[in-house]
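Here numbering that gives the first Met the number 0 is used: the first residue of the sequence shown is 0, the next is one more, and so on.
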Amino acid sequence: MIQNEEMHDEIGDNHIGSCANNPVRQDAFDITDEEKIERIKKDVENILQTLGMDLTDDSIKGTPNRVAKMFVKEIFGGLNPNKKPKASTFDNNYKYGEMLVEKNITLYSTCEHHLLPIIGRAHVAYISNGTVIGLSKMNRLVEHYAKRPQVQERLTMQIVQELQNALGTEDVACVIDAKHLCVNSRGIKDIESSTVTSEFGGRFKEDKIKREFLDYIKLETKF
Numbered sequence: 000m001i002q003n004e005e006m007h008d009e010i011g012d013n014h015i016g017s018c019a020n021n022p023v024r025q026d027a028f029d030i031t032d033e034e035k036i037e038r039i040k041k042d043v044e045n046i047l048q049t050l051g052m053d054l055t056d057d058s059i060k061g062t063p064n065r066v067a068k069m070f071v072k073e074i075f076g077g078l079n080p081n082k083k084p085k086a087s088t089f090d091n092n093y094k095y096g097e098m099l100v101e102k103n104i105t106l107y108s109t110c111e112h113h114l115l116p117i118i119g120r121a122h123v124a125y126i127s128n129g130t131v132i133g134l135s136k137m138n139r140l141v142e143h144y145a146k147r148p149q150v151q152e153r154l155t156m157q158i159v160q161e162l163q164n165a166l167g168t169e170d171v172a173c174v175i176d177a178k179h180l181c182v183n184s185r186g187i188k189d190i191e192s193s194t195v196t197s198e199f200g201g202r203f204k205e206d207k208i209k210r211e212f213l214d215y216i217k218l219e220t221k222f
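Pasting the structure below:
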């Protein structure tokens, strides 16, 4: 058991993902959001009491309920498939055939190893093969998959795969440049470093197209 715990700690401390999909149980949505909030509220109360906090204080009395609602309704809301935004697509009637890039999409996610924030920017591009998607839907898809306990590599792949399915083309790319507070605020405490991940599909694997996309975004993200 101790060896397993040490192995799991090592995986988490080194931010190694173990599966391509979010590890969600099949019964994850058998109970309502309200039931989840009540259960999490009690768990947060227990954590704070164990840490020695006085839950009768007006400042912290409402914290368990606030945290529970935040987990279910906000920062982990993307776990629920019913909350996935509809990827409205349209015929490319104006025959635009060049690359479309949506860059500097604000990204807030949560590291699944320490439940600390991941903050950064996503840059997404595609080349239409006859279908286009509303610009805001690209932002909303990024937000949906970010609102989960995540590994950045997986998040990058999920965004590309979702857009490939919606657009009916392999010609989709995504680059994410983000800071992980589990690196910046604990452990090595390196406040300057950020993590860059990329996923290139179809024509974006070609050097010329890839370089054009990377030139557009320039990776000069400021946090």
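Each residue gets a CB set at the ideal place from its N, CA and C atoms; glycine is no exception.
DSSP state of residue i mapped onto helix, strand, coil
i: T88; result: strand
i: S192; result: coil
i: N103; result: strand
i: E205; result: coil
i: F199; result: strand
Alpha helix (DSSP H) segment containing residue i, residue limits
i: N45; result: D32 to T49
i: R65; result: T62 to K68
Counted within 10 angstroms of its Cβ, other Cβ atoms place residue i as buried (16 or more) or exposed
i: N183; result: buried
i: D214; result: exposed
i: L114; result: exposed
i: V195; result: exposed
i: C18; result: exposed
i: D170; result: buried
i: S192; result: exposed
i: R77; result: Here residue 77 turns out to be Gly, not Arg, going by the sequence shown. Buried is the call here.
i: L134; result: exposed
i: Y144; result: buried
i: E161; result: buried
i: Q48; result: exposed
i: P80; result: exposed
Taking 8 Å as the cut-off, does the stretch 15 to 35 touch the stretch 45 to 53 (at least 3 CB pairs, one atom from each stretch)? The stretch 45 to 53, when compared against the stretch 15 to 35, does not touch it at the 8 Å Cβ threshold.
Which residue spans inside the stretch 110 to 184 form an unbroken beta strand (DSSP E) run of at least 3? 116 to 126, 130 to 132 and 171 to 179
Segment contact flag, the stretch 121 to 140 with the stretch 95 to 106, C-beta cutoff 8 Å, min 3 pairs: Of all C-beta pairs linking the stretch 121 to 140 to the stretch 95 to 106, three or more are shorter than 8 Å, placing the two stretches in contact.
Three CB pairs or more closer than 8 Å across the stretch 59 to 74 and the stretch 34 to 47: yes
Three CB pairs or more closer than 8 Å across the stretch 190 to 204 and the stretch 149 to 159: Taking 8 Å as the limit for Cβ pairs, the verdict is that the stretch 149 to 159 does touch the stretch 190 to 204.
Three-pair Cβ contact test at 8 Å for the stretch 65 to 74 versus the stretch 82 to 93: The stretch 65 to 74 makes no contact with the stretch 82 to 93: fewer than 3 CB pairs, one atom from each, lie closer than 8 Å.
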